[in-house]
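Residue numbers (my numbering), protein chains in the order written: chain A, 91 to 409; chain B, 91 to 409.
Next comes the structure, spelled out in structure tokens:
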């Protein structure tokens with residue numbers, strides 16, 4: 091079966107590389123994924139990773155987003171300042187001249203001057219989510235949970251401002267390296283959050299203006315005084331740290347929890363955040379598993395990168 | 091020269107062991123220190139460590155305080171609940187029957203039910219500091235900076251309540267293992283805090299009810315956007331995290347910074363905290379380098395452990 095393919099999209103982060111092949115309508119006809127994040131490249135080479143992940147695909151235009159455009163990436167792309175929308179982000183794309191085989195472009199990340207903040211890759215997820223959920227263009231808060239959780243405010247179709255909370259990284263550090271994880275035999279939280287998760291949420295909430303940083307040690311004190319089971323410590327800390335994100339958000343918004351939330355990311359993590367959102371009085375959030383493919387397509391379309399399509403003898407092997 | 095020595099005091103923590111030999115007036119006539127914390131024992135043996143550090147000293151009564159009385163210590167001593175003073179702490183001492191050579195006692199740590207909190211060793215420092223600074227018995231906040239900073243409220247001569255903030259441990263984790271320390275070539279903060287330290291303090295202060303956890307990532311964003319030199323990141327984080335302790339304290343006290351502060355601990359660290367205290371509007375704190383020896387003596391005297399003194403032919407070798 092022949093398919094006209096105008097674009098390959100790359101979601102190229104620190105720890106993984108995903109590639110999408112699109113038909114002319116923007117449908118993803120093939121997806122590939124490898125652990126070739128920019129710090130884990132095969133042969134230490136960006137072009138080797140790209141060659142390998144696109145093996146057998148036609149040499150069409152490529153658009154990449156994520157840490158591949160950072161200082162440690164293949165080709166540094168200057169940040170675009172917020173407020174930014176699909177047009178301003180598309181204008182900030184840079185051609186990657188180091189890529190000989192393809193007409194390859196890299197999307198910029200976003201920069202916020204004050205409070206100082208940066209993102210790379212999440213802006214593309216948000217653009218993709220907005221294209222899927224146009225009703226959210228007027229006013230929504232996107233939450234992208236993870237190593238560095240992003241909270242982005244969209245109003246009038248533009249990413250107006252954003253915050254970064256190092257929840258996932260701090261959680262992992264505490265469990266792996268700190269006294270809090272010392273006696274704990276389970277390292278990961280349960281697939282489904284339990285009652286200790288809710289206790290953590292509660293602790294973050296009742297910490298009020300003190301904040302959850304003042305409550306971290308309590309997970310050990312509760313354990314030592316037999317008020318918390320040792321193996322519930324990960325759940326408690328998960329609730330405490332995720333709860334802290336919502337506590338901070340509510341402080342910023344003066345206690346207003348009426349803004350609609352949209353979660354983008356790993357579904358089991360989004361599930362935890364949805365529970366936390368409800369606990370903090372928000373309406374149940376919309377959950378989107380992944381929107382990078384749609385975002386790359388929207389950016390490429392806006393930048394006029396879809397003019398040429400190559401015919402690909404698609405055998406369905408990639409499906 | 092013969093000296094009558096009634097007591098050996100041990101400050102036995104996680105990473106170090108210090109021993110004090112006293113005369114009958116409570117003067118320390120000899121001090122020894124080794125890196126034999128309870129996790130770094132010679133031959134893995136508490137008695138080997140004790141034997142080695144007291145070599146040549148007479149077999150008099152011993153009082154130990156610190157993690158040696160924890161579940162991972164030599165002999166677990168139940169916590170005493172706050173409010174607690176020198177008398178209630180002395181009553182909570184337990185004889186260490188596992189020590190065959192000496193009449194050895196271990197002081198209890200303190201437990202606070204709500205918010206759940208524990209300390210082991212700091213209570214002895216506080217008792218010692220109160221004996222040095224009797225004017226502080228009425229009303230003072232003791233701050234013991236370190237891996238797990240303790241803030242303890244003393245009123246009417248009793249330790250009424252306390253908090254633990256994991257400042258030192260979080261700082262070390264961030265610098266060693268997180269993205270924030272990634273490009274930084276200096277790991278330790280400067281001996282004297284610089285302007286980046288003040289920027290960190292400022293960031294903690296202006297975070298107001300959001301808290302410094304919401305500002306951690308900004309150290310990277312400022313660095314990436316050339317607003318903070320890479321090698322100033324440790325200073326900035328030091329200021330941000332120490333500032334967070336003061337921000338939390340002020341929230342708890344409803345903004346009242348009139349309580350006198352007394353710092354106990356490593357002098358260069360206390361110097362940082364003194365700068366932070368002033369920045370947050372407190373009067374310059376009293377600084378006490380170490381008060382464990384005095385605390386051990388006070389507890390031993392209160393418990394009636396000083397009845398017998400052994401004559402020691404003190405050659406001044408230990409001075």
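Using N, Cα and C, we set each Cβ at its ideal position, and we do this for glycine too.
The beta carbon of residue 234 of chain A lies closer than 7 Å to those of 212, 215, 240, 354, 355 in the same chain, with the five residues before and after it left out.
In terms of Cα proximity to residue 183 of chain A, the closest of A/172, A/245, A/155 is A/155. Shown here for residue 339 of chain A: same chain residues with a beta carbon closer than 7 Å to its own, the five before and five after excluded, namely 241 in chain order.
Restricting attention to B/348, B/349, B/308, B/399, the CA atom closest to the CA of residue 330 of chain B is found in B/308.
Excluding sequence positions up to five before and after residue 359 of chain A, its CB lies within less than 6 Å of the CB of 235, all in the same chain and listed in chain order. Closer than 8 Å to the CB of residue 97 of chain A there is not a single CB belonging to chain B. In this structure the stretch 142-151 of chain B does not lie against the stretch 162-182 of chain B, because fewer than three pairs of beta carbons, one per stretch, are closer than 8 Å. The three-state secondary structure of residue 150 of chain A, taken from DSSP, is coil. Separation of the CB atoms of residue 159 of chain B and residue 196 of chain B is rounded to 4 Å, and the pair is thereby assigned contact status at 8 Å.
In the DSSP assignment, residue 119 of chain A is bridged to no other residue.
DSSP places residue 91 of chain B in no beta strand (DSSP E); its state is neither H nor E. At the C-beta level, residue 388 of chain B and residue 199 of chain B stay beyond 8 Å of one another. Taking all protein chains in view, the Cβ of residue 91 of chain A is surrounded by fewer than 16 other Cβ atoms within 10 Å, so the residue is classified as exposed. For residue 137 of chain A, the enclosing alpha helix (DSSP H) starts and ends at 136-143. Under the DSSP definition of a beta bridge, residue 328 of chain A lacks any partner. Judged by their CB atoms, residue 120 of chain A and residue 399 of chain A are not nearer to each other than the 8 Å cut-off.
With respect to chain B, the C-beta atom of residue 254 of chain A has a partner C-beta closer than 8 Å. Counting along the chain, residue 254 of chain A sits inside the beta strand (DSSP E) bounded by residues 248-255.
Looking at the backbone, the Cα of residue 292 of chain B and that of residue 306 of chain B are separated by about 13 Å.
Contact check between the stretch 262-276 of chain A and the stretch 339-352 of chain A: fewer than three CB pairs, one atom from each, fall below 8 Å, which does not count as touching.
Classified as buried, residue 176 of chain B has 16 or more neighbouring CB atoms from the shown chains inside 10 Å of its CB.
Beyond the five residues adjoining it in sequence on each side, residue 369 of chain A comes within less than 6 Å, by CB distance, of 291 in the same chain, given in chain order.
Residues are counted here when their Cβ sits less than 7 Å from a Cβ of chain B; for the stretch 331-352 of chain A these are 334, 338, 341, 342, given in chain order.
Selection B/111, B/122, B/112, B/128 evaluated against residue 102 of chain B yields B/128 as nearest (Cα-Cα). For a cut-off of 8 Å, the C-beta gap from residue 248 of chain B to residue 173 of chain B is around 4 Å, short enough to register as a contact.
Taken atom to atom, the span from the alpha-carbon of residue 319 of chain B to that of residue 378 of chain A is near 38 Å.
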